[in-house]
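What follows is one structure encoded as structure tokens, with my remarks underneath.
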Amino acid sequence: EAGVTQSPTHLIKTRGQQATLRCSPISGHTSVYWYQQALGLGLQFLLWYDEGEERNRGNFPPRFSGRQFPNYSSELNVNALELEDSALYLCASSLWMNTEAFFGQGTRLTVV
Amino acid sequence: AQSVTQLGSHVSVSEGALVLLRCNYSSSVPPYLFWYVQYPNQGLQLLLKYTTGATLVKGINGFEAEFKKSETSFHLTKPSAHMSDAAEYFCAVSVPRGGGGADGLTFGKGTHLIIQP
Numbered sequence: 002e003a004g005v006t007q008s009p010t011h012l013i014k015t016r017g018q019q020a021t022l023r024c025s026p027i028s029g030h031t032s033v034y035w036y037q038q039a040l041g042l043g044l045q046f047l048l049w050y051d052e053g054e055e056r057n058r059g060n061f062p063p064r065f066s067g068r069q070f071p072n073y074s075s076e077l078n079v080n081a082l083e084l085e086d087s088a089l090y091l092c093a094s095s096l097w098m099n100t101e102a103f104f105g106q107g108t109r110l111t112v113v
Numbered sequence: 002a003q004s005v006t007q008l009g010s011h012v013s014v015s016e017g018a019l020v021l022l023r024c025n026y027s028s029s030v031p032p033y034l035f036w037y038v039q040y041p042n043q044g045l046q047l048l049l050k051y052t053t054g055a056t057l058v059k060g061i062n063g064f065e066a067e068f069k070k071s072e073t074s075f076h077l078t079k080p081s082a083h084m085s086d087a088a089e090y091f092c093a094v095s096v097p098r099g100g101g102g103a104d105g106l107t108f109g110k111g112t113h114l115i116i117q118p
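So the protein sequences, as listed, match chains A and B. Just so you know, we're using the numbering used here here: the first sequence kicks off at 2 and counts up by one. Just so you know, we're using the numbering used here here: the second sequence kicks off at 2 and counts up by one.
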């Protein structure tokens, strides 16, 4: 069974540009979570989607947004990129009633 | 809101020695608790979890953790460290919602475990 897959694995963008990160959950999982892992800041909760709706949001500005598609895959968009957005972005998925989250390998975003 | 504190950003132990990684949490309601491990350039892998029931939880790779409500702690232990245990370890908490499921995980800042030969 395929795990959580994220694409691309690496992304280099210029300050002010937009970045789009993608995540495919484990088959059957309806919940998708996004986390930012920046150097020295640990893992910060970004967004939680379930059944196509945003269920919860972390303390991030509105330029961080996303969506979940009918097949439960998800997209994270970061607009007006800043140097501080450089980080590893991790996606995780879980069953709605199951608290165990499975993580992908992450997308390394570098803003120059 | 819930929070997690991991004591010690770096912990160094000798191969074969006891591993103890400390985690304390804050939550207004009984939480779900997790330990994850992250190897370099990889995602997170679940080691073990506590939701309800037995407070001593056994996980993969010989790790275990005990939920102590009175101490608001969920420390991770392993009797004998192996070189392969060197990694970053994260404690996490989530708060069950009334309708089932839970909020997103709140992570501690992580503890880097170093194994000395």
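Even for Gly, the Cβ is constructed at its ideal location relative to N, Cα and C.
Residue i and residue j: beta carbons closer than 8 Å?
i	j	result
B:G9	B:S81	no
B:T107	B:A87	no
A:L22	A:E85	no
A:Q37	A:T108	no
B:L19	B:T73	no
A:S94	A:P26	yes
B:Y28	B:Q46	Looking at the sequence itself, residue 28 of chain B is Ser, so the reference to Tyr does not match. No. Outside cutoff.
B:H76	B:L114	no
B:K50	B:V38	no
B:Y90	B:G111	yes
B:G44	A:F104	yes
Using CA coordinates, which residue listed in the options is at the minimum distance from residue i?
i	options	result
B:L48	A:E101, A:V113, A:V112	A:E101
B:E65	B:I115, B:F35, B:G105, B:H83	B:F35
A:L40	A:Q106, A:N72, A:S87, A:D51	A:S87
B:I61	B:Q43, B:S85, B:Y33	B:S85
B:T53	B:P32, B:E89, B:S15	B:P32
A:L44	A:G105, A:Q106, A:F103, A:Y90	A:Y90
A:L110	A:F103, A:V79, A:G4, A:L12	A:L12
A:A20	A:Q106, A:R56, A:V79	A:V79
B:G63	B:T56, B:H83, B:A55, B:S71	B:H83
A:P71	A:Q106, A:A3, A:V5, A:G53	A:G53
A:Q69	A:E55, A:V5, A:Q106	A:E55
By Cβ distance, which residues of its chain are closer than 7 Å to residue i, with the 5 residues on each side in sequence left out?
i	result
A:A1	A question about residue 1 of chain A goes unanswered here, because the residues of chain A that appear run from 2 up to 113.
B:V5	C24, Y26, C92, A93, V94, T107, F108, G109
B:L13	The sequence given here places Ser at residue 13 of chain B; Leu does not occur at that position. Result list for B:S13: I115, Q117, in chain order.
B:Y40	A88
A:F1	Since the displayed chain A opens at 2 and closes at 113, residue 1 of chain A lies outside it and no answer follows.
B:E67	T56, L57, H76
Using a Cβ-Cβ cut-off of 8 Å (strictly less than) and excluding sequence neighbours within five positions of residue i, which residues of its own chain qualify?
i	result
A:T15	L82, V112, V113
B:V30	V96, P97
A:G29	L96
Can you name, in chain order, every residue of its own chain whose Cβ lies under 6 Å from the Cβ of residue i, other than the five neighbours on each side?
i	result
A:L48	W35, R58, G67
B:K69	none
A:S74	S25
B:H11	H113
B:S15	Q117
I want to verify the contact list: residues of chain B whose CB lies under 8 Å from the CB of residue i, in sequence order.
i	result
A:Y34	G105, L106
A:L1	Because chain A spans 2 through 113 in this model, residue 1 of chain A falls outside it and cannot be assessed.
A:G17	Here the premise fails: no neighbours, minimum Cβ distance about 28 Å.
Against residue i, what residues of chain B qualify as contacts under a CB-to-CB distance less than 9 Å, listed in chain order?
i	result
A:F46	D104, G105, L106, T107, F108
A:G29	None at all; the shortest Cβ gap to chain B is about 15 Å.
A:L129	Nothing can be reported for residue 129 of chain A, as the shown portion of chain A is limited to 2 through 113.
A:G53	None at all; the shortest Cβ gap to chain B is about 15 Å.
Applying a beta-carbon distance threshold of less than 8 Å, which residues of chain A neighbour residue i?
i	result
B:T52	T100
B:Y33	T100
Which bits of chain A does residue i rub up against, with CB to CB less than 7 Å?
i	result
B:S95	T100
B:Q122	Nothing can be reported for residue 122 of chain B, as the shown portion of chain B is limited to 2 through 118.
B:Y40	Near B:Y40 there are no residues of chain A at all, since even the closest Cβ is about 11 Å away, more than 7 Å.
B:G111	G43
In chain A, what lies closer than 9 Å to residue i by C-beta?
i	result
B:F91	G43, L44
Taking only runs of the beta strand (DSSP E) that begin and end inside the segment 64-93 of chain B, which ones reach a length of at least 3 residues, in chain order? 65-69, 74-79
Complete beta strand (DSSP E) runs within the segment 9-52 of chain B (minimum length 3 residues, chain order): 11-15, 20-27, 33-39, 45-51
Secondary structure, alpha helix (DSSP H): runs of 4+ residues fully inside the segment 64-91 of chain A: none
Sequence ranges, beta strand (DSSP E) only - wholly within the segment 6-33 of chain A, length at least 3: 6-8, 11-14, 20-25
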